[in-house]
Structure formats: structure tokens, C-alpha cells
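The numbers in the sequence shown follow numbering that gives the first Met the number 0, run straight up by one, and end at 217.
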Amino acid sequence: MKAIIFDFDGTLANTLPICYYSFQSVFKEFDNRDLSNEDIKAMFGPSETGIIKENLIHLNKEQAIEMYYEKYLENHLQLVKQNHEMDELLKYIKNSGLKLAIVTGKAKRSLDISLRALQMEDLFEVLVTGDDVIDPKPHPEGVIKALSFLNVQKEDVIFIGDSEADIVAGLQAEVVTIGVQWLEDYQTVEFTTQPNQVFKEINDFKQFLQESILQTKR
Numbered sequence: 000m001k002a003i004i005f006d007f008d009g010t011l012a013n014t015l016p017i018c019y020y021s022f023q024s025v026f027k028e029f030d031n032r033d034l035s036n037e038d039i040k041a042m043f044g045p046s047e048t049g050i051i052k053e054n055l056i057h058l059n060k061e062q063a064i065e066m067y068y069e070k071y072l073e074n075h076l077q078l079v080k081q082n083h084e085m086d087e088l089l090k091y092i093k094n095s096g097l098k099l100a101i102v103t104g105k106a107k108r109s110l111d112i113s114l115r116a117l118q119m120e121d122l123f124e125v126l127v128t129g130d131d132v133i134d135p136k137p138h139p140e141g142v143i144k145a146l147s148f149l150n151v152q153k154e155d156v157i158f159i160g161d162s163e164a165d166i167v168a169g170l171q172a173e174v175v176t177i178g179v180q181w182l183e184d185y186q187t188v189e190f191t192t193q194p195n196q197v198f199k200e201i202n203d204f205k206q207f208l209q210e211s212i213l214q215t216k217r
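Right, dumping it as C-alpha cells:
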């Protein structure tokens, strides 16, 4: 094992509530539409910019996009809490000499806001965002790009995500793919496409990782 690639929302950080809130604020302000969390979740795939461009009825899409990022930045501290178990996991992976990457549908702008707010900005060698791909997950383009940027072979990588789209993307990229449901808010309750493993606790995955690293050193 040489690298671990993570999805972001619902996997590395409990950012789904602020995504829902920011989108709901925009669609209420510009379209006078009250959207549920499930309504918003059904739009996921493209970046936030793509979601607004594809789903907003109002013609002033650029102003709506700006409002989204303003709401996301203004409310991040209140709605997204630091997760110390995740911090410890990432430090352990980094100290073990493994490379770290993110493949997310988020735009670079919102990912940068979250990484800075959660003090994760210096942990990842590679970031592949929704701005960097033509085809979002479940297409494997983002995962394949990360493999190339990391300069590692697919058999040396684990990809971790919380959504059905993550699992399909990882498996289509032919990497070991792990489904997680370890944060308060995650996207998929039951995976239709079965990942290689599922973890419901961060520390259980950390223990699995420790054992895997020990085995490779023997």
C-alpha cells in the first residue's frame, strides 16, 4: 500500500449540513423554492457551480453561485465541527509514509475553505475536485487522475467514500474501495454496489490500516 484516496463530504468531514444549508439558502433566495436535504442530495455529482447552473431556474446564476460560497464560508465554523478521530487518523497515515489524496465533486473554492477551516490544508499531496474532471463520480475519471498525479499503481491504493457514486467510481478504477458510514451525516445508507469493505467507525479503519501496514513490513 502506497496511497489512500479519500472522498471529502461525508467521508473526511461532516460538511453535508453546510452544503445543504448553503444550497437551500440559494434556491430559496433566487427561485423561492424550499428544498429538502434529499432534494439537494439528488443533485449531487457536479461541483456546486455545476449544480446551481443545472438546477437553478433564475437567470442570474453567477450571483447565486457567489451567494452559495458566501454562505458556505460564513457558516462553516458553526456547522462543521472538528473531528479529532479523523485528525488522528490522517496524522497516522501521514506519519506512516503513505501518500494522501482527495477526489471530490466539490469545487476547488469550497474544498479550500473547508481544508483551511479544518486545518487539513497541508496533509494532501493531490487534490482532484469537480473543477478538474469532465465526468464526475460515479465515472472513475477523478480516481484515475489521482493515481496518475500520485504516480502509484492501482493495486497500491485504497479509495474511501460514503456514497454509491464513490463505490462505483473506485471499483471501475480497479482500486480497493472502502465504503464508510462513520460520520453523523453520510450519503448512502445501503450500498447497492458492494465495496470491498465497509467501516462504521474511524478507529476500526485505523486498526485495519495498522494491521495492513504491519503485514506489508513482514
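We put the CB at the ideal spot given by N, CA and C, even for glycine.
Every value quoted in this text rests on a predicted model; they were computed, and no experiment measured them.
Subject >> Stretch-stretch touch, CB-based, cutoff 8 Å, three pairs: the stretch 161–170 with the stretch 180–198 >> reply: A contact exists between the stretch 161–170 and the stretch 180–198.
Subject >> Inter-residue Cα distance where the pair is residue 169 and residue 90 >> reply: Rounded to the nearest whole angstrom, the CA to CA distance from residue 169 to residue 90 is 23 Å.
Subject >> residue 3 versus 35, 44, 151, residue with shortest Cα-Cα distance >> reply: Nearest of 35, 44, 151 to residue 3, Cα basis: 151.
Original post:
Helix, strand or coil: how does DSSP classify residue 129 here?
Top reply: In the three-state scheme derived from DSSP, where H, G and I count as helix and E and B as strand, residue 129 is classed as helix.
Original post:
Who are the Cβ neighbours of residue 7 in its own chain at under 8 Å, not counting the five residues just before and after it?
Top reply: Taken in chain order, the residues that qualify are 14, 101, 103, 105, 110, 113.
Subject >> Distance between residue 28 and residue 140 (C-alpha atoms, nearest Å) >> reply: The straight-line gap separating the alpha-carbon atoms of residue 140 and residue 28 is approximately 34 Å.
Original post:
Short check: CB of residue 26 to CB of residue 58, under 9 Å?
Top reply: In this structure, residue 26 lies away from residue 58, with their beta-carbon atoms at least 9 Å apart.
Subject >> DSSP state of residue 116 mapped onto helix, strand, coil >> reply: In the three-state reduction of the DSSP assignment, residue 116 falls in the helix class.
**OP:** Give the straight-line distance between the Cα atoms of residue 74 and residue 214, rounded to the nearest whole angstrom.
**Re:** Answer to the nearest angstrom: the Cα atoms are 43 Å apart.
Original post:
Out of 30, 190, 177, which has the shortest C-alpha to C-alpha gap to residue 200?
Top reply: The shortest Cα separation from residue 200 among 30, 190, 177 belongs to 177.
Original post:
DSSP beta-bridge partners for residue 145?
Top reply: Beta-bridge analysis with DSSP links residue 145 to no other residue.
Original post:
With DSSP run on the structure shown, which of helix, strand or coil describes residue 121?
Top reply: Here residue 121 sits in coil by DSSP.
**OP:** Measure the beta-carbon distance from residue 116 to residue 78 and round it to whole angstroms, keeping in mind my assumption that it falls under 8 Å.
**Re:** That belief does not hold up - the Cβ atoms of residue 116 and residue 78 are roughly 10 Å apart, past 8 Å.
Subject >> Assigned secondary structure, residue 99 (DSSP; H/G/I helix, E/B strand, else coil) >> reply: In the structure shown, residue 99 sits in a strand (DSSP, three-state: E or B).
Original post:
Going along the chain, which unbroken runs of the alpha helix (DSSP H) with 4 or more residues stay wholly within the stretch 12–37?
Top reply: Whole alpha helix (DSSP H) segments, 4+ residues: 15–30.
**OP:** Please state if the CB of residue 88 and the CB of residue 205 are separated by a distance shorter than 9 Å.
**Re:** Closer than 9 Å, so yes.
**OP:** Could you check the C-alpha separation between residue 203 and residue 155 for me, to the nearest Å?
**Re:** Cα to Cα, residue 203 sits roughly 21 Å from residue 155.
**OP:** Specify the secondary structure class of residue 178 as computed by DSSP and reduced to three states.
**Re:** Residue 178: strand per DSSP, three-state reduction.
Original post:
On the premise that residue 153 lies in contact with residue 127, defined as a C-beta separation below 8 Å, what is that separation, rounded to the nearest angstrom?
Top reply: Going by Cβ atoms, the distance from residue 127 to residue 153 rounds to 15 Å, so no, they are not a contact pair.
Subject >> Counted within 10 angstroms of its Cβ, other Cβ atoms place residue 95 as buried (16 or more) or exposed >> reply: That one is exposed.
Original post:
residue 49 lies in the alpha helix (DSSP H); which residues open and close that run?
Top reply: Here the alpha helix (DSSP H) through residue 49 covers 47–54.
Original post:
How about residue 21 and residue 47: are their beta carbons less than 9 Å apart?
Top reply: The Cβ atoms of residue 21 and residue 47 lie closer than 9 Å to each other.
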